[in-house]
Structures are given as C-alpha cells and as structure tokens.
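S.K.:
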Amino acid sequence: MKWTSIAVAAVFYFSVLQAYADNFSCPNDNIVSTGDKITTVEAKCDPPAFKTNDMSAPMHFNPEVNPCYKSGEPYAWLKKEPYVEWTYTEGSSLQHILVFYQGCLREVRTGGFVK
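Residue numbers (this note's numbering): 1 to 115.
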C-alpha cells in the first residue's frame, strides 16, 4: 500500500514537471510554443498590437540554457533583442503577452482585460 501511494505521487509529480511549454493561438489561428524563435513567431502570427523592447535586460549567452541555439549557428542575432514583449489583444478585451529573451519565446502571459 505504501509503495503504491509513493508510485502514484511520483507519477503526478513528474507529469506536472514536464508540462511547462506554453502555447499561444495567434489571431490567424496558427499556434506557437515556448522555444520558438522570434522569426518563427513573426512568420506564423499577425503583427502584434504592441511591441516593447527593453534593452536594459542583462545579456547572457549560454547555449545550454537557450533552447533556440543550435550548435554551429552564429549567435549575433542573440545580441539584437535580448528582451522583447509582444502584446496581442484577443477579441476586443483579453490581452496575451509573448515574452522573448535572447530571440526565443520564453513565456506566454495572460494579461488583464482592456477597454
């Protein structure tokens, strides 16, 4: 009984850990996910309602933690936009914010309602 409880708890624990990828359904019904490059998102989605470039974010280049980096690929593109937020408005009120870091989609946030 004790081992069964531990096994069930372990299954739930590890299934939650791996469900980290955020998806976003673009206004034109294409889907993008965390880990996609900014150029891929730009090609799949319509232009956002608003773009924010925050160049004050720290610039770190570490291929092990950057899921967009491919071995042998030049990394000059990483220095262009270290931190970018794109805001999409769903319908007429709900905001979604796509956060890019080092040219890679890292997070999809659901913002508040706007008028």
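In this text, a Cβ means the ideal position worked out from N, Cα and C, and glycines have one as well. Predicted, not measured: the structure shown is a model, and the values here were computed from it.
1. Using CA coordinates, which residue listed in Asn30, Tyr101, Asn28 is at the minimum distance from Asn53?
2. Where do the N-terminal and C-terminal ends of the beta strand (DSSP E) with Lys51 fall, by residue?
3. Exposed or buried, what is Asp36 when buried is set at 16 or more other beta-carbons lying within 10 Å of its beta-carbon?
4. Let's test the definition: count the other Cβ atoms within 10 Å of the Cβ of Ala76 and tell me whether it reaches 16, buried, or not, exposed.
5. Run through DSSP, which three-state label would Val41 get?
6. If we ignore side chains and look at the alpha-carbon of each, how far apart do Pro48 and Asp22 end up?
7. Report the residue from Val41, Asn30, Pro27 whose alpha carbon sits nearest the alpha carbon of Arg106.
8. Check for me: the beta strand (DSSP E) holding Ser33 runs from which residue to which?
9. Only counting the same chain, and skipping five residues up and downstream in sequence, which positions put a Cβ closer than 6 Å to that of Val32?
10. The beta strand (DSSP E) spanning Gln102 covers which residue range?
M.R.: Well, looking at it:
1. Tyr101
2. 50 to 53
3. By the Cβ neighbour-count rule, Asp36 is buried, with 16 or more other Cβ atoms within 10 Å of its own.
4. Caution is warranted here: a pLDDT of 46 is assigned to Ala76, below 50, making its placement in the model unreliable, and no coordinate value can be reported.
5. Val41 falls in the helix class under three-state DSSP.
6. 18 Å
7. That would be Val41, whose Cα lies nearest to the Cα of Arg106.
8. 31 to 33
9. Phe24, Val41, Lys44
10. It is not in any beta strand (DSSP E) - Gln102 carries neither H nor E in the DSSP assignment.
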